[in-house]
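In the numbering used here, the protein residues as written are 668 to 983.
So this is what it looks like as structure tokens:
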């Protein structure tokens, strides 16, 4: 089944009515504040746990638990917050929960383990079942650590294997990826990263995000590839990513890949109160969509991008 990965924690009923008309399944991201002063602070953990419970309740009250594949607890934690948490709690290295037990981990990973274990327990206790759980991370902070551009010391790297599967956002131009050795088949650094990732885990791997921004220009020359992609070039790049993952050494460990994102988010980032009213040329984050949002708020395909992905997902 084709997956759609949902970021808003409380999607409206009309979304699920539309989902019912497809054969798609979905994953629910439960975003937590990634810039937190201290991920192990008890008030933060308590508030975050309440947010997680509310998101789980919404799935059962409004959503479609029978179509849901997984919950992801947290997404792309910031390097400074990770290092700060680890520095403050050097003694916190293990956790024995009801459903999750870990040892010899970083303090930030222990915070994540507590939240994931709490979420599992809440869903089981209240609803008598549980879905798959993960934490979604990004290559800037691990888990492949032998990279010169890692944003955290190796000792603070995050390994997102705390739940049932490894969930990682892997962008072609991201830190950790662009400094990877060439892959064994395609010779790309993207495949090189995937192969090292597969070699260090026994759990299934879900590439939760890969995408290219078609913003009018690339605003950060020091981050080549972040924005400025021509619509007509994206299908070729996406086919290359597909080839990288399907031919990689260890390919049997990859259980899925999700292309970011369905439509341009011209309201994203919110740098000022009026940000949501304009599609900013200089903000690549607002231009990752497979579709653009037309003046009548209808989705318009960006060239052949959606059709290309449709053909890829139909492959055996």
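Note that beta-carbon positions come from the ideal geometry of N, C-alpha and C, so glycine has one too. Bear in mind that the values here come from a model prediction, so they are computed numbers and not experimental data.
Quiz item: residue 986: buried (16+ other C-beta within 10 angstroms of its C-beta) or exposed?
Solution: Outside the modelled stretch of the chain, which goes from 668 to 983, sits residue 986, for which no answer is possible.
Self-check item: Own chain, CB closer than 6 Å to residue 865, minus 5 neighbours either side, in chain order
Solution: For this step, residue 865 is matched to residue 198 along the chain shown. Closer than 6 Å at Cβ, skipping near neighbours: 917, 920.
Quiz item: For the candidate residues 828, 742, 931, 813, whose alpha-carbon lies nearest to that of residue 773?
Solution: In the chain shown, residue 773 corresponds to position 106, counting from 1. Here the closest residue by C-alpha is 828.
Quiz item: Whose C-alpha, out of 701, 754, 913, is nearest the C-alpha of residue 983?
Solution: One-based indexing of the chain shown puts residue 983 at position 316. Of the listed residues, the one whose Cα sits closest to residue 983 is 913.
Self-check item: Limits of the unbroken alpha helix (DSSP H) element including residue 863
Solution: One-based indexing of the chain shown puts residue 863 at position 196. First-last of the alpha helix (DSSP H) with residue 863: 856-866.
Quiz item: Less than 9 Å separating the beta-carbons of residue 880 and residue 933?
Solution: The residue labelled residue 880 in the question sits at position 213 within the chain shown. The residue labelled residue 933 in the question sits at position 266 within the chain shown. No, Cβ-Cβ distance for residue 880 and residue 933 is not below 9 Å.
Quiz item: Which runs of the beta strand (DSSP E) fall wholly inside the region 877-930 and span at least 3 residues, in chain order?
Solution: 921-926
Quiz item: residue 851 and residue 671: beta carbons closer than 9 Å?
Solution: Residue 851 sits at position 184 when you count from the first residue of the chain shown. Residue 671 sits at position 4 when you count from the first residue of the chain shown. No, the Cβ-Cβ distance between residue 851 and residue 671 is not below 9 Å.
Self-check item: residue 980 in three-state terms, based on DSSP
Solution: Here residue 980 is taken as the residue at index 313 of the chain shown, counted from 1. Helix, per DSSP.
Quiz prompt | Where residue 723 falls: helix, strand or coil (DSSP) | solution = Counted from its first residue, the chain shown places residue 723 at position 56. It is helical.
Quiz prompt | Three or more C-beta pairs below 8 Å linking the region 687-700 and the region 756-771 | solution = no
Quiz item: What do you get for residue 948, buried or exposed, if any count of 16 or more other CB atoms within 10 angstroms of its CB means buried?
Solution: Within the chain shown, numbered from 1, the residue matching residue 948 stands at position 281. Exposed, since its Cβ has fewer than 16 Cβ neighbours within 10 Å.
Exercise. Report the option in 831, 883, 877, 733 whose CA atom is closest to the CA atom of residue 909.
Key: Mapped onto the chain shown, residue 909 falls at position 242. Nearest of 831, 883, 877, 733 to residue 909, Cα basis: 877.
Practice problem: Look at residue 751 and residue 704 and say whether their C-beta atoms are less than 9 Å apart. | Solution: On the chain shown, position 84 is the one that residue 751 refers to. On the chain shown, position 37 is the one that residue 704 refers to. Closer than 9 Å, so yes.
Quiz item: Once you ignore the five residues that flank residue 904 on each side, which residues in its own chain have a CB closer than 8 Å to its CB?
Solution: Position 237 of the chain shown, counting from 1, holds the residue named residue 904. Excluding sequence neighbours, residue 904 sits near 839, 879, 896.
Practice problem: Check the C-beta distance from residue 780 over to residue 791 and give it rounded, since I have them as a contact under 8 Å. | Solution: As a working note, residue 780 is residue 113 in the chain shown. As a working note, residue 791 is residue 124 in the chain shown. The pair is not a contact, with the Cβ atoms about 16 Å apart (cut-off 8 Å).
Exercise. Return the chain-ordered ranges of every beta strand (DSSP E) run that is complete within the region 709-776 and spans a minimum of 3 residues.
Key: 735-742
Quiz prompt | DSSP beta-bridge partners of residue 694 | solution = In the chain shown, the residue the question calls residue 694 occupies position 27. The partner list for residue 694 (beta bridge, DSSP) reads 672, 737.
Quiz item: How is the alpha helix (DSSP H) around residue 686 delimited, first residue to last?
Solution: In the chain shown, the residue the question calls residue 686 occupies position 19. Note, residue 686: alpha helix (DSSP H), 680-687.
Quiz item: Straight-line CA distance for residue 765 to residue 788?
Solution: Position 98 of the chain shown, counted from the start, is the residue given in the question as residue 765. Position 121 of the chain shown, counted from the start, is the residue given in the question as residue 788. Going by the C-alpha atoms only, they are around 7 Å apart.
Self-check item: Cut-off 7 Å between Cβ atoms - residues of its own chain near residue 816, not counting five sequence neighbours on either side
Solution: Position 149 of the chain shown, counting from 1, holds the residue named residue 816. Only 842, 843, 846 meet the Cβ criterion.
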